[in-house]
Amino acid sequence: MISEGTSAAIVRGIDRLNERVGRVISWLSLFLVLTTFSVAVLRYGFELGWIWLQEIYVWMHGTIIMVAAAYTLLHDGHVRVDIFYRSASVRVKAWVDLIGTVVLLIPMLCVIARVSWPYVALSWSRLEESPEAGGMYGLYLFKSTILVFCALMALQAIACVGRNAFILMDRSAPDIAPDRSQGAV
């Protein structure tokens with residue numbers, strides 16, 4: 052059995068990892084905007100265009116979504132249909148989050164990882180490139196973000212389970228939960 056201190060350290064460690072990953076990947080948003088702006092200026096201002104330059108902003112967009120999903124979960128930023136959740140007590144919220152994580156999130160991540168593994172492995176075995184002439188090299192790296200998504204989300208799911216278990220055991224551990232007042236970047 053894992054001690055309470057060890058559990059808290061694991062939750063904090065996972066939170067710190069996803070916080071750092073989210074903050075680093077958020078910088079891709081700036082590069083995404085600059086690249087998209089450059090593509091538009093080059094295409095419509097100078098009648099120049101390259102397939103690889105167009106693909107790079109699509110790949111950046113996909114990477115931001117896939118890699119920052121766990122950061123968004125950490126900051127409770129995912130869309131939630133909450134008719135009753137908002138006004139529920141902390142314990143009821145903990146039960147909803149715990150059950151949702153264990154019954155819905157973790158099994159879905161397992162399915163996604165299982166189904167995508169052969170897809171990503173085949174791409175790596177071929178060192179797959181863009182199918183477009185003049186497109187980007189390294190499509191296999193972009194496809195790997197599916198597995199990165201699964202790994203980071205699974206880790207954050209473990210942290211969610213731990214955090215909600217602390218709440219349900221009436222353990223106040225304010226240093227475990229991230230500062231939710233900052234919101235998602």
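In our numbering, each residue carries its 1-based index in the sequence shown increased by 51. From the three backbone atoms N, C-alpha and C, an ideal C-beta is built for every residue, glycine too.
Asked, Found
"Thinking just about the alpha-carbon of each residue, which of Lys194, Arg74, Trp175, Phe217 is nearest to the one in histidine 126?", "Arg74"
"From Arg137, Asp148, Leu68, Ile53, pick the residue whose C-alpha is nearest to that of leucine 206; which is it?", "Leu68"
"Excluding five sequence neighbours on each side, which residues of the same chain lie with their C-beta closer than 7 angstroms to the C-beta of arginine 231?", "Unreliable placement is indicated for arginine 231, whose pLDDT of 46 sits below 50; the coordinate value is still reported in the next sentence. For arginine 231, where only same-chain residues beyond five positions count, the Cβ hits under 7 angstroms are His126, Asp127."
"How is the alpha helix (DSSP H) around serine 77 delimited, first residue to last?", "55-91"
"Which value, in whole angstroms, describes the spacing of the CA atoms of alanine 59 and leucine 219?", "14 angstroms"
"In whole angstroms, what is the alpha-carbon distance linking leucine 79 and threonine 114?", "9 angstroms"
"Can you tell me whether valine 92 is buried or exposed, with buried defined as 16 or more other CB within 10 angstroms of its CB?", "exposed"
"Using beta-carbon positions only, say whether cysteine 211 and aspartate 133 come within less than 8 angstroms of one another.", "no"
"Please go through the same chain and pick out, in chain order, the residues whose beta-carbon is closer than 7 angstroms to the beta-carbon of leucine 178, but skip the five residues on each side of it.", "Tyr191"
"Starting from the N-terminal side, write out each stretch of the alpha helix (DSSP H) that is 4 residues or longer and does not extend beyond the segment 91-136.", "102-118, 120-125"
"Would you kindly report the start and end of the unbroken alpha helix (DSSP H) that includes valine 199?", "196-219"
"Mark valine 118 as exposed unless 16 or more other C-beta atoms lie within 10 angstroms of its C-beta, in which case mark it buried.", "buried"
"Taking the C-alpha atoms as reference points, what is the distance between arginine 214 and lysine 194?", "31 angstroms"
"Measure the C-alpha to C-alpha separation of proline 158 and arginine 63 and round it to an integer number of angstroms.", "23 angstroms"
"Do you know offhand how far isoleucine 197's Cα is from serine 54's?", "33 angstroms"
"Buried or exposed: alanine 121, going by 16 or more other Cβ atoms within 10 Å of its Cβ?", "buried"
"Tell me the rounded alpha-carbon separation between glycine 100 and isoleucine 76.", "26 angstroms"
"May I have the straight-line CA-CA distance separating threonine 86 from isoleucine 65, to the nearest angstrom?", "32 angstroms"
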